[in-house]
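Enquirer: In this note's numbering, the protein residues as written are 442 to 619. Can you read through this structure? Questions will come right after.
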């Protein structure tokens, strides 16, 4: 296997895992923000999320105040935030497109459909209407991607690089949370 192919497979799965992790953290923060609490406590929660994600500096360059709306916009759809769900899903799709021949049709179609559906949902306002359902959809698509990959790919080097990307991203996120 060419190192370039291995690199694309690794980053494709890593970006999908990052999108899921971001959606998971945002969902918890969003649901927590719905509980009765002071404005200072709510802001502290959103600041904590930015800190865990190492996005405090990048966020402060774009936004004046730390609010649920600003943090969620920054971490969901901001094209300048390379860790936003938007950028992660776009990068996962582009990496999949680059190695389409090394993927099964099902894996490619799952990646491509996730990207297309994500954009449609953003344009139709699904994120604004129900952020919780939107985050659940992102997590579901990540699970679907992982399941299709394991279920349809041959047990060879390509699958190993996909799994390495997933597990390294998961380990990185777990370490940040701890």
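Ideal Cβ positions, reconstructed from N, Cα and C, are used throughout, including at glycine.
Taking residue 518 as the reference, which of 572, 586 and 596 has the closest Cα?
Expert: 572
Enquirer: Hey, is residue 515's beta-carbon within less than 8 Å of any beta-carbon in chain D?
Expert: Of the chains in the structure shown, none is chain D; there is only one protein chain.
Enquirer: Quick one: measure Cβ to Cβ for residue 484 and residue 583, integer angstroms, because I've assumed they're closer than 8 Å.
Expert: Between residue 484 and residue 583 the beta-carbon gap is near 29 Å, outside 8 Å, which marks them as no contact.
Enquirer: Would DSSP call residue 495 helix, strand or coil?
Expert: coil
Enquirer: According to DSSP, simplified to helix, strand and coil, what is residue 554?
Expert: helix
Enquirer: Looking at the structure shown, is residue 522 part of a helix, part of a strand, or coil, going by DSSP?
Expert: coil
Enquirer: Assess, as a yes-or-no matter, whether the segment 456 to 476 is touched by the segment 523 to 540 under the definition of 3 or more beta carbon pairs within less than 8 Å.
Expert: Touching, yes.
Enquirer: Taking one C-beta from the segment 506 to 525 and one from the segment 477 to 494 each time, how about it: are there three or more such pairs within less than 8 Å?
Expert: yes
Enquirer: Who are the Cβ neighbours of residue 549 in its own chain at under 7 Å, not counting the five residues just before and after it?
Expert: Excluding sequence neighbours, residue 549 sits near 537 and 541.
Enquirer: Hey, out of 515, 585 and 455, whose CA is closest to residue 551's CA?
Expert: 585
Enquirer: Please report how far the alpha carbon of residue 493 lies from the alpha carbon of residue 475, in whole angstroms.
Expert: Cα-Cα distance, rounded: 20 Å.
Enquirer: Tell me the DSSP secondary structure of residue 594 in three-state form.
Expert: Three-state result, residue 594: coil.
Enquirer: Which residues mark the beginning and the end of the alpha helix (DSSP H) in which residue 508 is found?
Expert: Unbroken run through residue 508: none, as it is neither H nor E.
Enquirer: Considering only the beta carbon of each residue, do residue 524 and residue 496 sit closer than 8 Å?
Expert: Result yes, Cβ atoms of residue 524 and residue 496 sit closer than 8 Å.
Enquirer: Taking 8 Å as the threshold (C-beta atoms), are residue 605 and residue 451 in contact?
Expert: For residue 451 and residue 605, yes; Cβs fall inside 8 Å.
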